[in-house]
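In the order they appear, the protein sequences are chains A and B.
Each step along the first sequence adds one to the number in numbering that gives the first Met the number 0, with nothing skipped, and position 16 is 15.
Each step along the second sequence adds one to the number in numbering that gives the first Met the number 0, with nothing skipped, and position 437 is 436.
Down below is the structure, laid out as structure tokens.
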Amino acid sequence: MADMKTPEGHTHPISRMITEINAIFAELGFVFAEGPERELVSYNFDMLNVPKDHPSRDMQDTFYLADDPEIVMRTHTSPVQARYMESHTPPIRVIVPGKVFRNEATDATHEAQFYQLEGLMVDKDVTLAHLKGTLEFFFSRFFGGDVDVRFRPSFFPFVEPGVEVDMKVHIPGNKLSGRWIEIMGAGMVHPNVLRDAGVDPGVYQGFAFGMGIDRLAVLKYGIDDIRILYNGDLRVVNQF
Amino acid sequence: MNVSYNWLNKYFDGTLPSPEAIAEALTFHSWEVEEVRDIEGDTVFDINILPDKSMWALSHRGVAKDLSVILDLPMVNDPLLEPVILTESEPEIGIVLDTPHCRRFAAVRVTGIKVGPSPKWLQDALEAIGQRSINNIVDASNYVMYDLGQPSHAFDAKRVGDAGLLVRAAKAGESLVGLDEQEYTFETADTVIARADTDEVLSIAGIKGGLHSGVEDSTTDIILEVANWDPVAIRKTAQRLKLRSDASRRYENGIVPEMVPVGLHAALALILEVAGGEVAGLSEVVTTTTSPRPVTVPLSKVNSVLGISLTTDDVDSILQRFGYAHEWAEDVVTVTPPFERSDLAIPEDLIEEIGRVHGLSHVPSIVPEPVPLTEFNKQFFYAEIIRKELTERGFSEVFTSSFRSKDVVQLANAFASDKGYLRSNLRSNLTEALERNISHRDLLGLQRIAIFEIGTVFSKEEEHLSLALGVRTNVTYKPKQDDPVLTDAIAALSDVLGNETFEVKDGVAEVNLTEAISDLPEPTAYAPYEKDADVSYRPFSPYPAVARDIALWVHEGTGADEVVTVLNGAAGDLRVRTTLFDEFEKDGRKSYAFRLVFQSGERTLTDDEVNAVMEAVYAAALECGWEVR
């Protein structure tokens with residue numbers, strides 16, 4: 000029974016998750032970085048080793064601004080990788096939770112705007128093993144128990160090697176438990192990306208990952224349609 | 000791509016392990032297997048070949064090659080290992096390349112063929128991967144494409160004429176009916192193959208043959224075209240014509256021009272085998288050649304990227320399985336990739352190959368040593384303080400769309416007409432959100448709707464973080480400028496942000512948060528984090544909720560909980576919320592007033608239905624000796 004005289008406010012589930020994500024990564028020293036949502040084509044694509052003729056640049060995938068063909072709504076949080084490396088020298092540890100945009104049809108698992116979590120670690124000796132360790136550390140904290148991570152070969156222009164990341168939760172009673180779940184793309188930062196951002200790939204190397212925070216909401220809270228996160232409906236927010 | 004187990008097995012004399020083992024090997028070492036389907040006498044894999052490997056792997060030979068390396072199972076024959084040199088022969092077939100988009104073009108004339116059904120093995124092979132058998136000539140051409148990755152196309156020679164072929168830019172408005180019987184209209188960026196004598200368009204270069212110039216039952220002479228096209232030009236035309244063919248996909252992914260002789264050799268041999276005939280002239284024009292350059296990588300780099308500890312022997316054994324020429328200079332290896340693999344260009348490409356063949360499962364898990372934070376995110380830090388302040392005051396946080404139907408900054412390619420602009424403020428969205436939520440007030444058990452948003456807004460020149468908060472109390476819309484809940488919240492926020500001026504209008508206040516925060520001190524630590532209780536989201540009903548109030552007198556010692564238990568028990572499953580909204584004592588009795596909210600997950604409730612439930616609730620109260628007021 001609720002009492003009308005004591006109203007209680009609720010934090011949006013995406014905010015809740017970003018707060019938790021930041022707290023977990025802060026333990027390892029990952030800095031919360033940010034960048035513009037309206038981004039230059041050069042940062043969104045060129046500096047991330049996405050070729051000039053790559054299909055992802057097409058109008059059907061990316062929102063361009065009417066006044067300037069060199070400006071887009073960022074399609075991922077990865078441009079912040081380039082921006083951060085330009086203004087900082089390694090060692091670098093950052094996460095970038097933020098809003099991104101895709102010009103695509105929406106359904107229960109796709110929105111034209113959603114939240115992504117980017118991670119980047121650059122140093123002299125960062126390896127795929129650190130990527131695996133970092134992700135297992137994060138997922139175990141985030142889901143509150145033991146979580147394994149495995150890699151499968153994959154491809155993204157801004158990493159080489161690129162991997163698809165699956166996770167498996169081992170938490171008694173958790174409905175995610177016991178099966179491998181495809182969760183994100185990741186890899187070792189492509190030397191072109193390092194070089195273009197002013198980091199010497201002969202000295203430094205690093206990992207990067209990117210995942211949908213909305214997807215984490217689906218897994219963590221059992222949200223069945225991510226569109227309800229963005230329509231301001233308190234029937235959703237006030238459950239959190 | 001559909002891949003047949005039996006077809007793959009031709010490369011191994013039938014010694015492949017089970018289809019399950021193949022699927023497993025490919026998934027963890029090569030690329031994703033979407034589906035494994037058993038069909039009569041065969042198993043078909045639906046494989047997602049990765050884009051960077053598609054130039055050589057969109058073929059049964061390519062998949063077989065990768066399996067050979069992963070499973071350490073030698074191929075009994077590899078058509079790409081046998082050098083093919085085309086020998087031009089008379090009579091010449093005229094080839095004029097009046098386009099920058101053709102990288103290599105070969106044509107061979109075959110006379111005296113007999114068009115007819117394909118032999119059973121060929122029909123079976125194509126049908127296994129979901130392709131319809133058409134006739135022996137077309138099937139032979141298709142088989143070679145799915146086998147080796149190189150597309151080809153057979154023209155009926157009498158439709159080409161004696162002058163040969165002209166490859167040129169299409170004329171604007173020119174059109175062709177394709178083999179799929181659809182008519183395609185071109186722009187000048189498209190490339191077509193035309194008759195050299197009449198200039199009549201015969202096919203869409205690299206994408207689709209024309210209906211009129213195709214092989215018919217009566218065809219006796221053919222010209223087989225095997226070519227290579229610029230990936231970007233092909234992609235643009237295929238996309239604009241909405242015509243993604245198996246051929247265009249292979250060109251888009253950059254199959255190398257050097258595959259032309261290999262593909263021609265194989266297609267020609269198969270045509271002669273299944274349709275007879277003899278070669279009467281072969282011509283070729285080469286404008287672009289590619290040759291992979293050696294790639295050098297030290298063992299230490301391999302290990303430091305993958306995070307594993309391979310020896311030179313380990314790496315050497317993997318390279319042996321690839322069969323690629325390589326040389327060691329101490330711990331540094333130089334690999335010369337074969338002609339078809341233009342994807343192997345930098346050391347990291349090679350490291351990936353070594354890593355995936357060795358197995359990514361061998362990558363250990365190492366949590367980086369924690370280091371202190373070097374920076375604190377100021378906007379996030381103060382946004383968190385604002386969230387705390389506002390939620391404590393009963394405000395809930397909403398996220399709304401960054402797009403509006405009309406505003407200042409316009410998108411070039413909006414997905415929907417009501418989302419053509421970027422929002423320049425949060426106020427408009429927040430006002431609409433208040434409007435939408437007020438009707439759910441009873442369902443939510445709230446006296447008022449109080450919400451806020453922290454989000455990015457856009458002007459022509461800049462973008463910044465904005466904060467907006469709004470309150471609405473009444474269903475009939477008459478916003479109160481000086482709603483105390485709103486003014487108190489603004490006062491509290493001013494303590495946090497300094498004396499910022501909120502723009503207050505129609506029950507919504509907004510402030511430029513980026514600007515407000517810029518004057519505040521830099522944070523030196525985040526608030527300690529306490530893990531929230533687990534929440535499981537429950538989908539809500541799309542049907543309207545109905546509220547009914549009940550006020551009653553009970554004995555002085557009767558608690559509200561006790562009353563609620565009785566009321567809820569009588570109200571049944573349609574009740575979704577009970578809220579106590581008034582209580583007082585008088586003359587040794589206690590008065591409670593509750594609001595009961597009803598809703599169905601399946602339908603809109605009628606008044607009669609809810610009234611009947613309330614009758615049951617009244618009856619239950621009377622039975623307890625309570626007086627319904």
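From the three backbone atoms N, C-alpha and C, an ideal C-beta is built for every residue, glycine too.
Counting the other CB atoms within 10 Å of its CB gives Gln115/A a total of 16 or more, which places it among the buried residues. With fewer than 16 other Cβ atoms inside 10 Å of its own Cβ, Asn610/B counts as exposed.
Around Trp30/B, the beta-carbon contacts reaching into chain A at under 7 Å are Pro152. Any Cβ of chain A closer than 9 Å to the Cβ of Phe27/B would place that residue at the interface, and such an atom is present. Here Asp155/B is buried. Its C-beta has 16 or more other C-beta atoms within 10 Å. With a threshold of 9 Å between beta carbons, Leu64/A makes contact with chain B. In the structure shown, Ile254/B adopts coil according to DSSP, grouped into three states.
Assigned with DSSP and collapsed to three states, Trp228/B falls in strand. Per the DSSP secondary-structure output, Pro297/B pairs in a beta bridge with Val331/B. By the C-beta density criterion, Asp179/B is exposed, having fewer than 16 other C-beta atoms within 10 angstroms. The segment 425-435 of chain B makes contact with the segment 499-509 of chain B, as at least three CB pairs between them are under 8 Å.
Within chain B, Glu396, Val397, Phe398 have C-beta atoms less than 7 Å from the C-beta of His11/A, given in sequence order. Using a CB distance cut-off of 9 Å, His439/B counts as an interface residue toward chain A. From the listed residues Phe402/B, Ile254/B, Asp330/B, the smallest Cα separation to Phe457/B is found for Phe402/B. Chain-order list of chain B residues neighbouring Val162/A: Leu359, by C-beta distance under 8 Å.
Using a CB distance cut-off of 9 Å, Arg194/A does not count as an interface residue toward chain B.
For Ile17/A, the nearest beta carbon of chain B is closer than 9 Å to its own beta carbon. Here Gln598/B is buried: its Cβ has 16 or more other Cβ atoms, across all protein chains shown, within 10 Å.
Asp342/B and Gly469/B have their C-alpha atoms roughly 56 Å apart. In the DSSP assignment, Ser590/B falls within the beta strand (DSSP E) that extends over 588-597. For Pro152/A, the closest C-alpha among the options Glu135/A, Met16/A, Glu163/A, Pro78/A is that of Glu163/A.
If you keep only unbroken alpha helix (DSSP H) runs of at least 4 residues inside the segment 351-420 of chain B, you get 377-391. Here Leu551/B really is in contact with Tyr591/B; their C-beta atoms are around 6 Å apart, less than 8 Å. With a cut-off of 8 Å on Cβ pairs, the segment 146-154 of chain B is in contact with the segment 238-256 of chain B, counting three or more such pairs.
Against chain B, the beta carbon of Ala25/A has neighbours under 7 Å at Leu372, Tyr525, listed in chain order.
Apart from sequence neighbours up to five positions away, the residues of its chain that approach Pro50/A with a beta-carbon distance below 8 Å are Pro156, ordered along the chain. Counting only unbroken stretches of 4 or more residues, no alpha helix (DSSP H) element lies wholly within the segment 537-569 of chain B.
Counting along the chain, the unbroken alpha helix (DSSP H) around Glu608/B starts and ends at 606-622. Here Gly393/B is actually not in contact with Glu110/A; their C-beta atoms are around 28 Å apart, not less than 8 Å.
Taken atom to atom, the span from the alpha-carbon of Val285/B to that of Ile233/B is near 18 Å. Taking 9 Å as the CB threshold, Lys131/A lines the interface with chain B.
If you check the CB distance, Ser465/B and Gly454/B come in under 9 Å. With a contact defined as Cβ atoms closer than 8 Å, Phe208/A and Leu134/A qualify at about 7 Å.
Inter-residue distance for Glu215/B and Pro190/A is about 53 Å (C-alpha atoms, whole angstroms).
Spanning the alpha carbons of Thr523/B and Ile17/A requires a straight line of approximately 19 Å. For the segment 194-226 of chain A, the beta-carbon criterion of a distance under 7 Å to any beta-carbon of chain B is satisfied by Gln204, Tyr220, Gly221, Ile222, Asp223.
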